[in-house]
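Taken in order, the sequence shown gives residues 1198 to 1600; the numbers are from my numbering. Encoded as structure tokens, the structure appears first; notes follow it.
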Amino acid sequence: MQRDARRRPRLAPRFSTLPIALLLLLALPRNARAHLVPVGVGMQTFVKVEPGKLTVQYNLGFSSNTGYAELSRMETSGDNVLQAEEIRAWFDRMAPRLLMGLEVRVDGKPAAFRIVERRPMPPLEGLHLYETNGAFDTWWTFESSQPFGPGMHTIEVHDNNFTGEISESLMWLPQPLGTTFRTYAWEPLPPGSRQEKRGTEVVMFCRGMRIYFEFAPWVYEALAQRRAIPTATADVARGMRATAEQALARLGRTSAATATATVAATATAQPGALSSSPVAPTAMAQRSAERPGQQAQRETGALLSLRDRAFPIAILLALLWGAMHALAPGHGKSMVAAYLLGSDGKVRDALWLGFSVTISHVGSIFIAFVAVFGFVRLIGINRDTASGLVQFGLQLVAGLLVV
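In structure tokens form, the structure reads like this:
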């Protein structure tokens, strides 16, 4: 009996730690293809090497605070609803920044890329700013024509975007299958960075990587045959065009060149989705007027504008409600008043007690203000990233205190 009584106190502490251990295990990060970040931005760079072409796919994701700031910059009309033209203009402004920060060198020479795809995830057109938490992703595809000749080649990739902010960068590389490459190797930059194999791909947790490769001999033979076929086809097409022009000239009709130019002009007049070419203001207004639900969105924007104008009144009402709450019973105020009266407390004691209670209630606001000010002025990161970082830190500290 005595021995069992001695053992019981030892078992209690061990079992009391199980819930905390389970919570910590559930809180461990899970590796996933989606690049979700709680604070700041996340970048994923996918590099694919093909004969004659280098493709870089770029995933740029924004967290709630940073994303909401970008959406606010994206919305420029003042109705708090994202239009297709506003999204296109934001992509036009973001493209040079991403291309400038994405440094890619092929055999020591910088690669020139063209944009073949860009889109937001999820679609943002028609989205109201007050109906989202701010987090969103963008997907970009860049291509560069590269005449890879025989021999060994080197590709070096560096992601220098958002280096002054809270960010995370991943580098993805597909592992080659079949016999396309004679040599294929890679290394993260800086060397020794963490890397993992995910199915047919490898992911590196860093901002740079270097690829060494050499195509198999049959690849160059196939490329030579492919170049010969379009040359013969072009010769046949030129002969057919000359014959058609002669026939049309004899009939006195419009030349084939004029007809071709007319067709090309008609094709280029068609608007494209998220293209970098500007759209005429009249076409923008027409598409905006024809968009379903435009009237309802304007009414919603008017109501939200009225709410913004009533913001000072709401603050005043909140202060009055707080004063009424302070007079009402609760939070042990009656006990504190009785203690002050029973202990011959003075007015300054009551004021000091009220001040300390106020600081304890809203102290986190002052801490957040000082922390954001320090991050912006001393470290130099932008206000959106600083506020998101402080919010995440306060939530983490509060959760640890609860645990």
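We put the beta carbon where it would ideally sit given N, CA and C, even for glycine. The model shown is predicted, which means the values in this text are computed figures rather than measured ones.
Where DSSP assigns a beta bridge to residue i, which residues make up the other side?
i	result
Arg-1506	According to DSSP, which records beta bridges pairwise, Arg-1506 is partnered with nothing at all.
Ile-1312	Phe-1339
Trp-1287	Partner(s): none; Trp-1287 has no beta bridge.
Gln-1392	Met-1401
Gln-1254	Phe-1243, Thr-1338
Pro-1317	Thr-1335
Asp-1356	Leu-1299
Ala-1565	Its beta-bridge partners do not exist; DSSP assigns none.
Trp-1383	Ile-1408
Ser-1366	Met-1240
Lys-1306	Val-1303
Arg-1582	Before going further, note that residue 1582 is Thr rather than Arg in the sequence given. Paired residues: none, contrary to the question.
Val-1278	His-1325
Thr-1351	Tyr-1409
Excluding the five sequence neighbours on either side, which residues of its own chain have a C-beta within less than 8 Å of the C-beta of residue i, listed in chain order?
i	result
Ala-1309	Ser-1341
Pro-1387	Cys-1403, Gly-1405
Leu-1548	none
Phe-1566	none
Ala-1523	Lys-1530
Arg-1329	Checking the displayed sequence, the identity of residue 1329 turns out to be Thr instead of Arg. These residues qualify, in order along the chain: Tyr-1265, Leu-1268.
How far does the alpha helix (DSSP H) with residue i in it reach, from first residue to last?
i	result
Pro-1373	Segment: none, Pro-1373 is in no alpha helix (DSSP H) and carries neither H nor E.
Asn-1262	1261-1271
Lys-1530	1530-1539
Can you name, in chain order, every residue of its own chain whose Cβ lies under 7 Å from the Cβ of residue i, other than the five neighbours on each side?
i	result
Ile-1241	It is worth fixing the name first, because residue 1241 is Gln in this sequence and not Ile. Cβ neighbours of Gln-1241 beyond the five flanking positions: His-1232, Asn-1256, Leu-1367, Trp-1369.
Leu-1296	Phe-1310
Thr-1377	Phe-1412, Ala-1413, Val-1416
Arg-1200	Because the pLDDT at Arg-1200 is just 45, under 50, the model does not fix this residue reliably, and the value given afterwards should be weighed accordingly. The answer is none, since no qualifying residue turns up.
Ala-1209	Bear in mind that a pLDDT of 40 at Ala-1209, under 50, signals an unreliable position, so the model cannot answer this.
Lys-1245	Thr-1252, Pro-1371
Val-1594	none
Ala-1507	none
Give the range of the beta strand (DSSP E) segment to which residue i is assigned.
i	result
Tyr-1409	1405-1412
Leu-1324	Careful: Leu-1324 lies outside any beta strand (DSSP E) and carries neither H nor E.
With distances taken from CA atoms, which of the options is nearest residue i?
i	options	result
Glu-1398	Leu-1386, Gln-1372, Ala-1595, Arg-1379	Gln-1372
Val-1573	Phe-1243, Glu-1362, Thr-1252	Glu-1362
Gly-1298	Gly-1375, His-1325, Arg-1270, Thr-1360	Thr-1360
Phe-1243	Pro-1387, Met-1318, Arg-1404	Arg-1404
Leu-1326	Asp-1356, Asn-1357, Gln-1280	Gln-1280
Pro-1293	Trp-1383, Thr-1329, Asn-1357	Asn-1357
Pro-1347	Glu-1328, Glu-1272, Met-1291, Pro-1248	Pro-1248
Gly-1389	Arg-1395, Tyr-1381, Ala-1382, Met-1401	Met-1401
His-1355	Lys-1394, Gly-1331, Met-1349, Pro-1385	Pro-1385
Gln-1254	Val-1313, Pro-1319, His-1350	Val-1313
Gly-1305	His-1350, Ala-1523, Gly-1551	His-1350
Gly-1331	Ala-1511, Met-1271, Glu-1300	Met-1271
Trp-1383	Glu-1365, Gln-1392, Glu-1393, Tyr-1409	Tyr-1409
Ignore the nearest five residues each way along the sequence and tell me which others in residue i's own chain have a CB closer than 6 Å to its CB.
i	result
Glu-1353	Arg-1302, Arg-1407
Gly-1596	none
Ala-1583	Val-1569, Phe-1572, Val-1573
Val-1236	Ser-1260, Ile-1363, Gly-1585, Leu-1586, Phe-1589
Ala-1286	none
Gln-1343	Leu-1251, Val-1303
Thr-1335	Leu-1257, Pro-1317
Tyr-1381	Pro-1373, Phe-1410
Would you mind giving the Cβ-Cβ distance between residue i and residue j, rounded to the nearest angstrom? I have them listed as a contact below 8 Å.
i	j	result
Phe-1333	Leu-1321	7 Å
Arg-1379	Phe-1412	7 Å
Asn-1262	Gly-1585	3 Å
Ser-1561	Leu-1591	6 Å
Val-1278	Gly-1239	Between Gly-1239 and Val-1278 the Cβ distance is about 26 Å, and since that is not below 8 Å, they are no contact.
Leu-1550	Val-1533	7 Å
Leu-1167	Asp-1546	This structure leaves residue 1167 out entirely; the chain is present only between 1198 and 1600.
Spell out whether any CB of chain C is found under 7 Å from the CB atom of residue i.
i	result
Leu-1575	The structure shown contains no chain C; it holds only a single protein chain.
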